[in-house]
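Each remark here refers to the structure printed beneath this line.
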Amino acid sequence: MKPIFLTQFLIEEQRKNDQCGADLRLLLEVVARACKRISLAVGKGALGGVLGDAGTGNIQGEAQKKLDVLSNDILLEANAWGGHLAGMASEEMDEPSIIPGEYPKGGYLLLFDPLDGSSNIDVNISVGTIFSVLRAPEGIDPADSKAYLQAGATQVAAGYAVYGPSTMLVLTVGTGVHAFTLDRELGSFVLTQSNLRIPEDTKEFSINASNARHWEAPVQRYVDECLKGKEGPRGKDFNMRWVASMVADVHRIISRGGVFMYPLDAKTQAQGGKLRLLYEANPMGYIVEQAGGAASTGRERILDIQPHKLHQRVPVIMGSKNEVERVVAYHREG
Ligand code: AHM
Ligand code: MG
Numbered sequence: 001m002k003p004i005f006l007t008q009f010l011i012e013e014q015r016k017n018d019q020c021g022a023d024l025r026l027l028l029e030v031v032a033r034a035c036k037r038i039s040l041a042v043g044k045g046a047l048g049g050v051l052g053d054a055g056t057g058n059i060q061g062e063a064q065k066k067l068d069v070l071s072n073d074i075l076l077e078a079n080a081w082g083g084h085l086a087g088m089a090s091e092e093m094d095e096p097s098i099i100p101g102e103y104p105k106g107g108y109l110l111l112f113d114p115l116d117g118s119s120n121i122d123v124n125i126s127v128g129t130i131f132s133v134l135r136a137p138e139g140i141d142p143a144d145s146k147a148y149l150q151a152g153a154t155q156v157a158a159g160y161a162v163y164g165p166s167t168m169l170v171l172t173v174g175t176g177v178h179a180f181t182l183d184r185e186l187g188s189f190v191l192t193q194s195n196l197r198i199p200e201d202t203k204e205f206s207i208n209a210s211n212a213r214h215w216e217a218p219v220q221r222y223v224d225e226c227l228k229g230k231e232g233p234r235g236k237d238f239n240m241r242w243v244a245s246m247v248a249d250v251h252r253i254i255s256r257g258g259v260f261m262y263p264l265d266a267k268t269q270a271q272g273g274k275l276r277l278l279y280e281a282n283p284m285g286y287i288v289e290q291a292g293g294a295a296s297t298g299r300e301r302i303l304d305i306q307p308h309k310l311h312q313r314v315p316v317i318m319g320s321k322n323e324v325e326r327v328v329a330y331h332r333e334g
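Per UniProt numbering, the very first residue in the sequence shown carries number 1; after that it's consecutive.
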């Protein structure tokens with residue numbers, strides 16, 4: 001079969017999808033190109049001299065890795081001059097980055113977590129890039145974080161690249177979820193799976209169990225029931241996986257089902273949760289819903305949340321629909 005490259009896929013998408021105009025298509029190609037560069041840097045490992053800490057911290061007080069900073073710079077630089085964007089916001093930057101004056105501005109905003117799971121870099125475990133595209137609202141300066149405070153349901157595109165044994169780009173422009181694999185010889189992303197669907201039921205869950213004593217009762221109940229296996233109320237055995245790179249964990253769930261949880265717990269309650277709404281929960285939630293799954297905080301649909309600050313954190317429960325609904329029901333029951 002003839003390979004379908006990302007460019008061809010996006011041009012065909014543009015022909016049939018009003019949400020995907022030429023500007024959005026070109027913007028996505030630029031993001032994909034930046035992900036290729038990040039993939040190269042990640043792939044060089046110690047030989048590239050890019051492992052280890054950068055010696056700086058981000059807005060959330062987390063130590064930045066050299067590759068966090070490099071990936072952020074690659075995305076900023078690649079996207080500055082294309083003319084499709086009004087501004088960018090990143091997990092690694094305190095404030096939005098505006099498009100330099102010498103370049104034309106476009107109608108979109110790009111939000112990203114440049115290198116998700118970066119605590120895994122130094123031990124050679126999969127990491128990734130997550131991105132979300134919003135329309136720039138009329139009358140709000142893109143230097144103002146208010147421009148980015150839009151509910152996830154308004155995203156026009158979202159995607160992630162996972163830098164694993166192979167590099168993959170998974171994206172949605174509102175018409176299902178499609179996966180591309182980087183052909184390293186050609187330097188091109190090739191469509192390898194279209195219309196990915198997350199099975200509605202699963203026997204696999206994904207949570208950092210070291211936080212068990214801090215979880216709320218509904219999550220304790222859900223996990224306890226899974227752990228009881230065949231003999232318990234679920235009547236089946238469950239498997240557990242936790243990579244500690246959201247991109248890799250959610251990619252597995254998109255590929256074969258499961259439920260991913262970073263719920264509210266006593267440790268993260270004061271800040272609202274662990275994962276970031278605009279850079280992680282919203283784009284991944286959009287992708288998961290587009291693949292037939294569900295994404296909730298336990299109390300509300302993630303994509304319905306009206307953000308109130310740029311670096312807002314939220315609890316995350318996403319993946320196979322019936323399991324997410326079960327966890328949500330347990331929250332309702334208290
Ligand atoms: P990061 O964006 O700083 O890498 O943090 C987010 C990551 C997620 O990818 C992952 O699911 C989670 O943090 C892992 O957290 P923990 O180390 O508490 O298990
Ligand atoms: Mg992250």
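All C-beta atoms in this analysis are idealised placements derived from N, C-alpha and C, irrespective of residue type, glycine included.
* Other residues of its chain near L6: CB distance less than 6 Å, five sequence neighbours each side excluded -> The residues are A32, F180 and F189.
* To do: State the Cα-Cα distance for the pair Q155 and I302, rounded to the nearest angstrom.
  => Those two C-alpha atoms are separated by around 12 Å.
* Ignore the nearest five residues each way along the sequence and tell me which others in V69's own chain have a CB closer than 8 Å to its CB. => Hits under 8 Å: A54, T56 and E92.
* To do: Taking D164 as the reference, give the member of N17, V123 and A158 with the closest Cα.
  => As written in the sequence, residue 164 is Gly, which differs from the Asp given in the question. In this structure, V123 is the residue among N17, V123 and A158 with its C-alpha nearest to the C-alpha of G164.
* **Where N282 falls, given that 16 or more other Cβ within 10 Å makes a residue buried** => Around the beta-carbon of N282, 16 or more other beta-carbon atoms lie within 10 Å, marking it buried.
* Kindly indicate which residue of S132, G176 and D224 has the alpha-carbon position closest to the one of G161. => Per the sequence shown, the amino acid found at residue 161 is Ala instead of Gly. Comparing C-alpha distances from A161 to each of S132, G176 and D224 shows the shortest one belongs to S132.
* Classify T181 as helix, strand or coil using the three-state DSSP reduction. => Here T181 sits in strand by DSSP.
* Asked: At what residues does the alpha helix (DSSP H) containing P199 begin and finish?
  -> Per DSSP, P199 lies in no alpha helix (DSSP H) segment and is marked neither H nor E.
* Asked: Per DSSP, R301 is paired with what?
  -> For R301, which the question treats as bridged, DSSP gives the partners S296.
* On the three-pair Cβ rule with 8 Å, is the region 17-36 touching the region 95-104? -> No: fewer than three Cβ pairs fall under 8 Å.
* Asked: At what residues does the alpha helix (DSSP H) containing F260 begin and finish?
  -> Not the alpha helix (DSSP H): F260 falls in the beta strand (DSSP E), residues V259 to Y262.
* **Span of the alpha helix (DSSP H), counted from its first residue to its last, around D249** => Taken as a continuous stretch (DSSP letters only), the alpha helix (DSSP H) holding D249 covers M246 to R256.
* **Three-way DSSP call (helix, strand, coil) for G45 in this model** => Annotated three-state conformation of G45 is helix, per DSSP.
* Asked: What does Y163 pair with, by DSSP beta-bridge criteria?
  -> BP columns for Y163 point to V127 and T167.
* Listed by chain order, which residues have C-beta atoms less than 5 Å from any heavy atom of the ligand FAD? -> This structure lacks the ligand FAD; its bound ligands are the ligand AHM and the ligand MG.
* C-alpha distance - R332 paired with G232, whole-angstrom precision -> Computed Cα separation, rounded: 21 Å.
* Asked: In whole angstroms, what is the alpha-carbon distance linking R276 and A136?
  -> Between R276 and A136, the C-alpha separation is close to 20 Å.
* To do: Please state if the CB of V177 and the CB of H294 are separated by a distance shorter than 8 Å.
  => Per the sequence shown, the amino acid found at residue 294 is Ala instead of His. No, the pair does not count as a contact, with Cβ atoms beyond the cut-off.
* Terminal residues of the continuous beta strand (DSSP E) containing P307? -> No beta strand (DSSP E) holds P307; DSSP gives it neither H nor E.
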